[in-house]
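I have placed the structure first, in the form of structure tokens, so that the comments after it can refer back to it.
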Amino acid sequence: MRKLVLLLSIVSGFLISAQIGIKTESPKAILDVNGDMNLRGKLSVLNTNNNTIYEGTNDQILVSQGEGYPPIWKSLRIPDYEKNKFFLIYNNSFSDKTGTTFNSTEEPANQSALTALSNLFIEGTSFSSLDTFKKIPSLSQQFEAYSAQSKVYFQFETVVQGTFDANGNPDSSIDYACGVFIDEKLANIRLRNIKASSATNTFITHNQIGMAQNLSKGIHTISVGCKRLKSYNTNATLGIGTYVHNNINSFITQSFLRVDVYEVPQVFNTIIN
């Protein structure tokens, strides 16, 4: 009996202080199993929130918290999608206070040049071919499409200002254009006119909404670019998304771009919480 107690004491001490390997002579953890393992009882881990042993609940999985931290139980949820129905997969909004300015020399020199430029305002025209378009810096952003069946809605809003004198006879005004580009290709464009008023340094709100469909799966870039087109009886400076006279400021003139991506899901990304 004394020999048995002594042997158990030695084995217990060995178990406490050593690593145990099953089908391996060089265990790399306290218990290292080189082969299949069949667990017939419960599996518990330390809950660091209250320092208790926690067995988890039905349908939870063990998730690593990284080296040096115990794993935790997490619930795994798969979003419930209906077949052939669009769902909002991504939405975000961006702002910019830098904007861009144009002087009277940054526009087509004659009407024929303006007409030729207008002929380029078609879907898919590359940004590089639209001469003297300027991008609004912080509105160039990336988003991802997970499905080939998608609809991307975007809304661009900004403030446009001209350094006009008080309006006289004949009228003073400036034509301009702003386009939304996806992967450097024109997806939407609006042409507008800002006109001098009875007050000096007129400003207006510019708003445009558009959509692109069925982009390829992967990362895409959306951006906004604008251009001065033609002046009428004025050499005023034009500001888009920025102020060109101190009757307003950068907070008022800042630009916003909102992007919403709707998809018929083809990739089901599970959610763990």
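Each residue of the sequence shown is one higher than the one before, starting from 759 at the first, in my numbering. No residue lacks a Cβ here, since even glycine has one placed at the ideal position from N, Cα and C.
In the DSSP assignment, find the alpha helix (DSSP H) that holds residue i and state where it starts and stops.
i: F1009; result: 1008 to 1011
Quick check on the burial criterion: 16 or more other C-beta atoms within 10 angstroms. Buried or exposed for residue i?
i: D854; result: buried
i: A903; result: buried
i: G976; result: exposed
i: L764; result: At L764, the pLDDT of 44 sits below 50, so the modelled position is not reliable and the matter cannot be decided from this model.
i: L1015; result: buried
i: A787; result: exposed
i: T806; result: exposed
i: G799; result: exposed
i: S930; result: buried
i: A924; result: exposed
i: G793; result: exposed
i: I998; result: buried
i: T782; result: exposed
Quick one: grab the DSSP three-state call for residue i.
i: F922; result: coil
i: G949; result: Before going further, note that residue 949 is Leu rather than Gly in the sequence given. Residue state, collapsed to three classes: strand.
i: F885; result: helix
i: S833; result: strand
i: T995; result: coil
i: T873; result: helix
i: S908; result: strand
i: L1035; result: Lying outside 759 to 1031, the shown extent of the chain, residue 1035 is not represented and no answer is given.
i: N965; result: strand
i: Q1024; result: coil
i: T815; result: coil
i: L801; result: coil
i: T916; result: strand
i: E783; result: coil
i: E825; result: coil
i: A794; result: The sequence shown places Asp at residue 794, not Ala. Three-state result, D794: coil.
i: L766; result: Any reading at L766 needs caution, since the residue's pLDDT is 46, under 50, leaving its predicted position unreliable; the model's value is listed next. Helix at L766.
i: A957; result: coil
i: E902; result: strand
i: G771; result: Residue confidence for G771 is low, a pLDDT of 48 falling below 50, so the modelled location carries little weight; the figure read from the coordinates is stated next. Three-state result, G771: helix.
If I'm right that residue i touches residue j with Cβ under 8 Å, what's the distance once you round it to whole angstroms?
i: I932; j: L996; result: 5 Å
i: N959; j: Q1012; result: About 18 Å separates the two Cβ atoms, so there is no contact after all.
i: S898; j: S981; result: 4 Å
i: C984; j: A935; result: 7 Å
i: T1000; j: G857; result: 3 Å
i: S905; j: E1021; result: 4 Å
i: Q966; j: N946; result: 6 Å
i: V1019; j: S908; result: 6 Å
i: E864; j: L944; result: Not a contact, Cβ separation roughly 19 Å.
i: F885; j: F891; result: 6 Å
i: P828; j: V803; result: 5 Å
Starting from residue i, trace the beta strand (DSSP E) in both directions and tell me its first and last residue.
i: K985; result: 976 to 990
i: V938; result: 931 to 940
i: Y848; result: 845 to 854
i: G779; result: 778 to 780
i: V1002; result: Unbroken run through V1002: none, as it is neither H nor E.
i: T859; result: 858 to 860
i: L878; result: Neither: L878 is in no beta strand (DSSP E) and is coded neither H nor E.
i: L973; result: No beta strand (DSSP E) holds L973; DSSP gives it neither H nor E.
i: D790; result: 789 to 791
For a cutoff of 8 Å on Cβ pairs, would you count residue i as touching chain B?
i: S822; result: Among the protein chains of the structure shown there is no chain B, as only one such chain exists.
- Task: Examine the Cβ distances between the stretch 813 to 826 and the stretch 987 to 1004 and report whether three or more of them are shorter than 8 Å.
- Result: no
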